[in-house]
Amino acid sequence: MPSLTSRRNVLIGTASLAAAGGLLLANRHPAAQVQQDPTEGRTVIFDENFAALDQTIWHAGAKATTFDSGFYGRSAFSRFGGEEGFDPYAIVDDPSASNGKALQISAQYIGRPMQVPNYYGNNLPEYQWISGNIQTAKPDGTILKGWRQGYFEARMWFPAHPLSFPAFWLMNGRSILFPATSNELDIVEQKGWEHDLYGAYLHEWGKPGEHHEGVGVPTDVDITTGYFRYGLLIEGARCRFYFERKQIADPKTGGLIEWTLGRAAEMDAQNDVFWPLLTLALRSDVPFPDPLQPQDRQTHMRVDYMRVYA
């Protein structure tokens, strides 16, 4: 069975380890540190409320990269317009969303040979899924929207599902055409069977300067039952992650977590920026459901908005 082809797979699964104390976390800060709303004193400089899906801002399909195919997991990320007769992208009416509309990204089991370009799972029954990924960058290196720092936030509703792996994450612009090194900030990665836990990560891939951090974030609430806010504040080299605008903490010590981006100065010298991705993937490192229940042949995540504050 193929494994995930992306370098993101090196540390996947560590959310559960972290929650159990399995990760050594650096840069802990005392729990007594005063919490502050990360939006206070900042102005919204990008506000995507998904009243429509603007294709001049968002590019759909495989992750923008020249390192590999851009696919990972058990599903092929669809281009706009759909693949194999299924379109995973829709703007839906939703009274729980801020403006009554939300982006819905779906995953559908096709269950027959597919013809998605460059997808390794076309002829593998467990991998014959179509799902969605949108991003503000293209595989030719074009950055449609990007920012070096600020507070990044998405309000999202995750599915409960035996394979689902939704995420809100950032990649640096130069990683597309110069993939020997890349900088990845995973604001949230959630497994559909873990209803009150998600993972947050910092990955600086490649040498020199390879560096990884990760933590499992207990939420004390079922995040598959409604919308919640997931955020990241980047200030120079300093990275602080947030759930519901509260800075996340080490579940063992209670100390607030702050990680350092080792390549911050390099990014500044190269005028590099981060671009966001909103993804519904499917895990490939867990057993395929046997049988796959009818209700699990399709699943959905929703995004109310994605914002950047400066």
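Positions -31 to -1, 1 to 279 (mature numbering (1 follows the signal peptide of the UniProt record, and there is no 0)) are the ones given, in order, by the sequence shown.
By construction, the Cβ of each residue, glycine as well, lies at the ideal position given by its N, Cα and C atoms.
{"query": "Test item: CB-CB of Pro148 and Phe36 under 8 Å", "result": "yes"}
{"query": "Span separating the alpha-carbon of Trp138 from that of Arg81", "result": "31 Å"}
{"query": "Secondary structure of Ala129, DSSP reduced to three states", "result": "coil"}
{"query": "Alpha-carbon spacing of Met83 relative to Ser38, whole angstroms", "result": "16 Å"}
{"query": "Euclidean distance between Cα positions of Trp228 and Ala169", "result": "11 Å"}
{"query": "Member of Arg214, Phe197, Ala234, Glu95 whose CA lies at the smallest distance from the CA of Phe257", "result": "Glu95"}
{"query": "N-terminal and C-terminal residue of the beta strand (DSSP E) that Met270 is part of", "result": "267 to 278"}
{"query": "Contact the segment 170 to 177 vs the segment 113 to 122: 3+ CB pairs below 8 Å", "result": "no"}
{"query": "Contacting residues, own chain, Cβ-Cβ under 6 Å from Lys107 (five flanking each side not counted)", "result": "His28, Ala33"}
{"query": "With 16 other Cβ atoms within 10 Å as the buried cut-off, status of Pro86", "result": "exposed"}
{"query": "Complete alpha helix (DSSP H) runs within the segment 16 to 90 (minimum length 4 residues, chain order)", "result": "none"}
{"query": "CB contact flag (Gly161, Pro187, <8 Å)", "result": "no"}
{"query": "Glu153, enclosing beta strand (DSSP E) - first and last residue", "result": "151 to 158"}
{"query": "Whole-angstrom distance between Gln73 and Val(-22), CA atom to CA atom", "result": "The predicted position of Val(-22) is uncertain, since its pLDDT is 36 and thus under 50; no value can be drawn from it."}
{"query": "Local conformation of Pro(-2) per DSSP, three classes", "result": "For Pro(-2), the predicted model reports a pLDDT of 42, less than 50, meaning its position is unreliable; a value from the coordinates is still stated below. Here Pro(-2) sits in coil by DSSP."}
{"query": "Reduced DSSP secondary structure (H/G/I, E/B, other) of Val(-22)", "result": "Per-residue confidence for Val(-22) stands at a pLDDT of 36, beneath the threshold of 50, marking its modelled position as unreliable; the derived number appears in the next sentence. Helix at Val(-22)."}
{"query": "Whole-number beta carbon distance between Phe210 and Met140, since they are thought to touch under 8 Å", "result": "Their Cβ separation, rounded to whole angstroms, is 16 Å, which puts Met140 and Phe210 out of contact at 8 Å."}
{"query": "CA-to-CA distance, Gln4 to Lys215, given in whole angstroms", "result": "7 Å"}
{"query": "Span separating the alpha-carbon of Arg43 from that of Asp63", "result": "28 Å"}
{"query": "Supposed close pair Ile26, Thr105 - CB separation, criterion 8 Å", "result": "6 Å"}
{"query": "Heavy atom of the ligand COA within 7 Å of Lys221 beta-carbon", "result": "You won't find the ligand COA in this model; it holds no ligand whatsoever."}
{"query": "Ile226 beta carbon less than 8 Å from that of Val157", "result": "no"}
{"query": "Of the listed residues Arg271, Tyr274, Met236, nearest to Ser144 (C-alpha basis)", "result": "Met236"}
{"query": "Rounded straight-line distance, which links the Cα of Val13 to that of Val61", "result": "24 Å"}
{"query": "Close Cβ partners of His164 (< 7 Å) along its chain, the five nearest in sequence each way excluded", "result": "Ala129, Asp191, Ile192, Thr193"}
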